[in-house]
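J.: In my numbering, the protein residues as written are 793 to 1046.
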């Protein structure tokens, strides 16, 4: 597992590790690097030594470019050890090159290649505004959803008053490019379809798995109690000197 050392990847990895153990898998190794890290020689050497069946990657941002370049430099291709990423999308693949990334996987709710009228319209409008060479991805589509849900809630509430808008958001649905999404009235998180895509040489994704139904949002996943999750997060925040990211200079490994 290759991870940036801040709150989202730490939390995501707790869930991933629990699920792997639940299905009888084993963790071959777990490495953390700081935000903005661009040197991955040592990490990739450790991956090669561990000989995992798959790499779970929760590295974010530009660090992904350096990480995948180093994987390829040291001979790790998808046919040797496939990588499943949780924060790399069509936009990053443009910089890396679809031919370099083809065969690896990513997990998102949205891919530009979703076959629906709503998505075709969304992608066409996006390209008309920003250029035919541009691609859209899950984070962009999530922002698009947020604006429309907010507008819908304001319209229902008849005001921009935050308490009233929050009330109006409960239970709202929206026909998004990824499909129908809905706000859970109890926790105000979105219920969505989860998809796994395999990267194609053209930089797009072939969707190889989709949940049959929306996955209900669970702020405190079943692998820990609410109290245990709160303690886990509080410990990170305290250990990082009241930050949500590791402030240390050196690379950390666990």
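Glycine is no exception: its CB is placed at the ideal position from the N, C-alpha and C atoms. Owing to the predicted nature of the structure, the values given are computational and were not obtained by experimental measurement.
(1) Just verifying my parser: in three-state terms, what is the DSSP assignment at residue 1042?
(2) Just verifying my parser: in three-state terms, what is the DSSP assignment at residue 913?
(3) Go through its chain and collect everything with a Cβ distance to residue 980's Cβ below 8 Å, but skip five positions before and after it.
(4) Whose C-beta lies closer than 7 Å to the C-beta of residue 977 among residues of the same chain, with five residues either side of it excluded?
(5) What number of angstroms, rounded off, separates the C-alpha of residue 993 from the C-alpha of residue 1037?
(6) Where in the segment 909-969 do unbroken runs of the beta strand (DSSP E), each at least 3 residues long, occur, reported from the N-terminal end onward?
(7) Are the Cβ atoms of residue 801 and residue 821 separated by less than 8 Å?
(8) Counting C-beta neighbours from all protein chains within 10 Å, is the total for residue 969 16 or more, i.e. buried, or is it exposed?
(9) DSSP on residue 989, reduced to helix/strand/coil?
(10) Express the C-alpha separation of residue 879 and residue 918 in angstroms, rounding to a whole number.
(11) Please give me, in chain order, every unbroken run of the alpha helix (DSSP H) with length at least 4 that falls completely inside the segment 1007-1034.
(12) Looking at residue 836 and residue 868, is the spacing between their C-beta atoms short of 8 Å?
(13) Once the 5 residues before and after residue 808 are set aside, which same chain residues still bring their CB inside 6 Å of it?
(14) Tell me whether residue 1044 is buried or exposed, calling it buried when 16 or more other Cβ atoms sit within 10 Å of its Cβ.
(15) For residue 799, name the three-state secondary structure that DSSP assigns.
(16) Starting from residue 859, trace the alpha helix (DSSP H) both ways and give me its first and last residue.
(17) What are the start and end residues of the beta strand (DSSP E) that includes residue 897?
(18) Compute the Euclidean distance between the alpha carbons of residue 832 and residue 851, then round it to the nearest angstrom.
(19) Leaving out the 5 sequence neighbours to the left and right, which residues in its chain are closer than 6 Å to residue 949 when beta-carbon positions are compared?
(20) Cα separation between residue 811 and residue 877?
(21) Please report the distance separating the alpha-carbon of residue 989 from that of residue 932.
(22) Looking only at its own chain, which residues have a Cβ that is under 6 Å from the Cβ of residue 1001, when we skip the five neighbours before and after it?
(23) How would you write the range of the alpha helix (DSSP H) that residue 998 sits in, first residue to last?
(24) In this structure, does DSSP put residue 879 in helix, strand or coil?
(25) If you draw a straight line from the alpha carbon of residue 905 to that of residue 940, how long is it in whole angstroms?
(26) Applying the 10 Å Cβ sphere with the 16-neighbour rule, what's the burial state of residue 888?
T.: Reading it off the structure:
(1) Confidence is the limiting factor: at residue 1042 the pLDDT is only 42, short of 50, which leaves the residue's position unreliable and the question unanswerable from this model.
(2) Shown here, residue 913 sits in a helix according to DSSP, grouped into three states.
(3) The residues are 958, 961 and 962.
(4) 962 and 963, listed in sequence order.
(5) About 34 Å.
(6) Correct list: 965-968.
(7) Contact: no.
(8) Residue 969 is buried by the Cβ-count criterion.
(9) Reduced to three states, the DSSP call for residue 989 is strand.
(10) One C-alpha to the other measures close to 21 Å.
(11) As far as the segment 1007-1034 is concerned, its whole alpha helix (DSSP H) runs of at least 4 residues are 1018-1031.
(12) Their beta carbons are under 8 Å apart, which means residue 868 touches residue 836 by this criterion.
(13) Around residue 808: 848.
(14) Reliability of the predicted coordinates at residue 1044 is poor, the pLDDT of 35 falling under 50, and the value obtained from them is presented with this limitation in mind. Result: exposed.
(15) Residue 799: helix per DSSP, three-state reduction.
(16) Boundaries of the alpha helix (DSSP H) around residue 859: 855-865.
(17) Residues 897-900.
(18) If I take the Cα positions, the gap works out to 11 Å.
(19) In chain order, 956, 957 and 960 place their CB closer than 6 Å to the CB of residue 949, counting only its own chain and leaving out the 5 sequence neighbours on each side.
(20) If you take the alpha carbons of residue 811 and residue 877, they lie about 16 Å apart.
(21) Whole-angstrom Cα-Cα distance: 17 Å.
(22) Around residue 1001, the same chain offers 988 as residues with beta carbons nearer than 6 Å, after the five sequence neighbours per side are excluded.
(23) Boundaries for residue 998: no alpha helix (DSSP H) harbours it, while the beta strand (DSSP E) harbouring it runs 997-1002, taken from the DSSP string.
(24) Coil at residue 879, not helix or strand.
(25) Approximately 21 Å, taken between the alpha carbons.
(26) So residue 888 counts as buried.
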